[in-house]
Structure formats: C-alpha cells, structure tokens
Amino acid sequence: MTEQDAEDLFHRLNMILRDHGLAWLATQIAAEAAEGRASPKMLSVQEHFDSLFLDEAPARRARRKTEFTHVRPLTSKEKMDVSIKALRSVVVSSGTILPEILRTLIAPHGATISFVSETDTLPTILSEIESNQFASAVARLDELLRALSEEVRRDS
Amino acid sequence: MTLDPQLVSSIEKSLAASISPLLASPSNGADLYELYIWSLVIDAARAEGASVEFRDVHGALVSSNFVFRSSPGRIFSKSQPYTHACIIFDQCPPLEAHIGIFVSGKSKVIHECDVAVIYADAATTCRIEEVHPKSTQLLLSAECKFYVQSTMGVGLARSYLGLVSEVKHSHRECYFVAVSESNSVERLFAHHQKDWETGVAPNDLKARPQRLRASFEKAFRDFKLRET
C-alpha cells in the first residue's frame with residue numbers, strides 16, 4: 001500500500017462513518033490522527049543568568065543538554081493504523097458487547113434491550129436477533145481490519 | 157504494491173452492516189458501554205456467590221424487556237420502567253446496581269455515576285422520598301468512557317480526579333474504565349494511585365475485562381467480610 005493509497009483510504013473510511021451517522025467517531029479519528037506522534041528530543045540550550053545575583057557576568061554562557069518534546073505529523077500509513085485501531089475499539093467492540101450483556105441478563109429468546117432518557121419518547125430498541133446479526137457483522141469486519149492492518153504493515 | 161480493491165470494497169460493506177443504531181444514537185454508544193461495565197459488575201457479584209435478579213423502578217421483576225437510561229437520570233424517576241439489578245449476598249445487606257444515576261457528593265453537588273452499586277435500603281428510601289443517593293451510600297462506582305481520542309481522554313481523566321475527591325469514601329471503590337488505551341491517562345492515574353482499566357472490551361486480546369471483573373470481585377469479597 002502506498003502512502004497515497006493509505007491517505008485515500010483513511011478519508012474514505014471516515015466518509016463512510018459520516019454517511020452512517022458516526023460523524024462523532026470520524027471527528028475523533030481525524031483529531032487523533034492530526035495530533036501527531038510525540039517523541040523526546042535532546043537540545044543544547046544556553047543557560048540564562050540573572051545578572052543581579054552575580055558579581056560579574058561569566059565570560060562564556062554555559063550550554064547544557066535539555067529534553068524537549070518533539071511532535072511530528074503522522075504518515076498516512078500511521079493515520080490508517082489510528083483508524084483501524086479506533087474502528088476495532090469502537091465499532092467491533094460495540095457488536096461484541098451486546099451478546100455478552102444478554103448472557104449476563106440471562107435473557108430469553110426474543111428479549112429486547114431499550115435505551116431511553118427520562119425526557120425521550122422514542123427509545124432505541126435492540127432485539128436479541130439484531131444483536132446476533134451485529135455480532136456476526138463485526139466478526140467479519142474484525143477479520144477484514146486485521147487483513148488491512150497486515151497490508152499496511154507489510155509495505156511499510 | 158497498490159491496495160486490493162476487493163478488500164476495500166468488503167470493508168466498506170462490512171462496516172456499514174456493523175453500525176448498530178446505538179452507535180448512531182445521541183449518546184454515541186456510551187450507554188451501551190456503561191451497560192457492558194454494569195454487566196461485568198453483575199458477573200463479579202455472581203462469581204462471589206450473590207444471587208441476582210432484575211427489577212424495575214416499581215419493584216416488578218424484569219426478565220425479557222430490559223430498559224436502561226440513555227442519559228443520566230434520577231433513581232426515583234418513574235418516567236420509564238428502568239431496570240436495575242438486585243444483588244443479594246447471604247447474611248449481608250442487599251445491594252442494587254444502577255446505570256447512569258445522579259449521586260450527591262461530599263459538597264452536596266450532584267454528580268453522574270455511570271455505574272453505581274448502592275445499599276438497597278438507601279435506594280428504596282431515595283425512590284420513596286424522591287431524593288438522590290448520597291456518595292456515602294455507594295459501595296462501588298465506575299466512570300465509563302467510550303472514546304478514542306487521547307487528548308480528550310486527559311481532560312476526562314482530570315475531571316475524574318475531581319469526581320473521585322467528591323464521591324470516594326473509605327471502603328468504597330471508584331474505577332475509571334475506558335474502551336481505548338491512552339498512555340497519558342494511564343500515567344496520570346498510576347501517579348495518583350487511582351483504580352483504572354483501559355482497553356476494556358469483549359474483543360480485547362489482553363484479557364483486561366477479566367482483570368476488571370476480578371477487581372469488582374475483590375470489592376464484593378471485602379464487602380462480605382466487613383458485613384458478616
């Protein structure tokens with residue numbers, strides 16, 4: 001995968017998320033990718049003296065090594081890594097969570113889980129069947145994301 | 157080497173099929189994540205020998221249509237038949253596990269508790285008198301974060317440190333739980349010696365849900381030892 005391929009795919013995946021009502025996730029992924037990667041950088045800096053507290057100014061100002069934090073922008077392949085990681089931790093995990101919850105609830109066949117606020121009138125309802133469908137879909141997505149991750153790393 | 161177009165097309169299709177309405181809801185999946193952490197609390201209680209049943213705000217048993225809050229609310233609200241878990245350990249005061257309820261802190265300011273385990277008698281009083289539980293009545297609480305962005309995580313972690321100072325009492329456990337890893341958040345909590353776990357999701361390869369559940373089990377174990 002070339003850097004340009006990775007860049008194109010990064011934007012394409014974010015577009016799909018926005019088209020499916022996950023603008024919040026696309027925004028978080030874009031912000032995370034824009035943050036860059038921090039690494040320590042040693043620099044030689046000149047020491048500063050306050051002349052008020054010195055009898056005479058030193059002939060030469062001393063320099064000493066100091067650690068700074070350098071932030072470099074991510075490469076397009078690194079941005080794809082951010083995207084894949086986020087899709088796995090949010091989209092894939094959301095599909096695997098529901099069956100776990102239904103198991104804990106010892107929910108019978110046909111059970112439903114509803115989410116509604118005190119002020120809402122329309123709840124979001126998920127049935128056991130839908131939960132199983134999402135679990136299958138994310139299992140497939142997880143496989144594909146692993147394959148994509150391999151492809152991104154292989155050509156790095 | 158260029159990208160396999162078949163793989164891209166498959167990912168697009170699979171991604172579209174994987175997006176549940178909960179992820180696209182106004183809570184951005186946070187309510188689902190809170191429910192998951194709540195379910196780990198229930199599993200931990202069972203592992204420590206508790207019997208668990210699910211009831212709504214009216215006291216009726218719930219066995220198939222479970223209703224949960226999609227935004228923080230009042231424990232006494234009867235606007236919806238919200239489900240909570242009743243946790244009963246032999247010879248111990250009964251407990252209740254709730255999701256997304258308001259709790260009154262040390263300063264009497266109201267805070268949201270994503271997951272809260274409280275004494276059942278206190279919960280009953282709160283429902284009858286229509287008041288929020290006090291932080292002293294919390295046995296265990298968890299702040300749950302369903303985010304990917306690490307910078308936002310540090311902000312949330314800082315606000316969590318403030319929350320802990322408001323609701324944490326001796327012999328009470330407060331946890332910060334997140335679906336994503338964040339080095340800065342982890343360092344912050346390790347430095348301040350807080351209970352936390354990141355990367356908690358059923359598909360986690362490092363078995364961190366099990367580690368979190370074990371922490372909850374210890375909290376219940378200590379509760380039993382104190383109360384019997």
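Same order as they appear, the protein sequences are chains V and L.
Under my numbering, the residue at position 25 of the first sequence is numbered 25, and the numbers go up by one with no gaps.
Under my numbering, the residue at position 155 of the second sequence is numbered 311, and the numbers go up by one with no gaps.
Glycine included, every Cβ here is placed at the ideal spot set by N, Cα and C.
Look at L:G229 here: in three-state DSSP terms it is strand.
Within chain L, no residue has its beta carbon less than 7 angstroms from that of V:A26; the closest one is some 11 angstroms off.
Listed along chain V are L9, each with a C-beta nearer than 7 angstroms to that of L:V164.
Taking the Cα positions, L:Y316 is about 20 angstroms away from L:L188. Straight-line measurement puts the Cα of V:T121 at about 38 angstroms from the Cα of L:G205.
Chain V places a beta carbon closer than 8 angstroms to that of L:D199, counting this residue as a contact. Under the Cβ distance rule, L:L171 counts among the residues neighbouring chain V, one pair being separated by less than 8 angstroms. In the DSSP secondary-structure assignment, L:V333 is bridged to L:C300, L:E353.
Taking 9 angstroms as the Cβ-Cβ cut-off, the segment 82–101 of chain V approaches chain L at V82, K85, A86, L87, R88, S89, V90, V91, V92, S93, S94, G95, T96, I97, L98, P99, E100, I101, given in chain order.
L:F258 is the residue among L:K380, L:A375, L:P250, L:F258 whose C-alpha sits nearest the C-alpha of L:E322. Residues of chain L whose Cβ lies closer than 7 angstroms to the Cβ of V:I16 are, in chain order, E168, L171, A172. Under the three-state reduction of DSSP output, V:I129 falls in the helix class. Exclusion of the five residues before and after L:G309 leaves K301, Y303, A334, S336, S338, S340, V341 as the residues of its chain whose Cβ lies within less than 8 angstroms of its Cβ. Judged by DSSP secondary structure, L:Q293 falls outside any beta strand (DSSP E); it is assigned neither H nor E.
The alpha-carbon of V:R63 is positioned some 54 angstroms away from that of L:K264. Taken through DSSP and simplified to helix, strand or coil, V:A23 comes out as helix. Under the DSSP definition of a beta bridge, L:Y275 partners with L:L251.
Bridge partners of V:E67 according to DSSP: V:M42. Secondary structure note for V:S114: its beta strand (DSSP E) is the uninterrupted segment 112–116. For L:L312, not one C-beta of chain V is nearer than 8 angstroms to its own C-beta. With fewer than 16 neighbouring CB atoms inside 10 Å of its own CB, V:A38 falls in the exposed class.
Using a Cβ-Cβ cut-off of 7 angstroms, L:Q366 is close to nothing in chain V; its nearest Cβ partner there is about 12 angstroms away. Judged by DSSP in its simplified three-state form, L:S176 adopts coil rather than helix or strand. Annotated three-state conformation of L:A241 is strand, per DSSP. For V:P73, none of the residues of chain L pass the 9 angstroms Cβ criterion, the least Cβ distance being about 15 angstroms. L:L344 carries a helical assignment under DSSP once its states are collapsed to helix, strand and coil.
With a cutoff of 8 angstroms on beta-carbon distance, V:A107 and L:S220 are scored as near each other.
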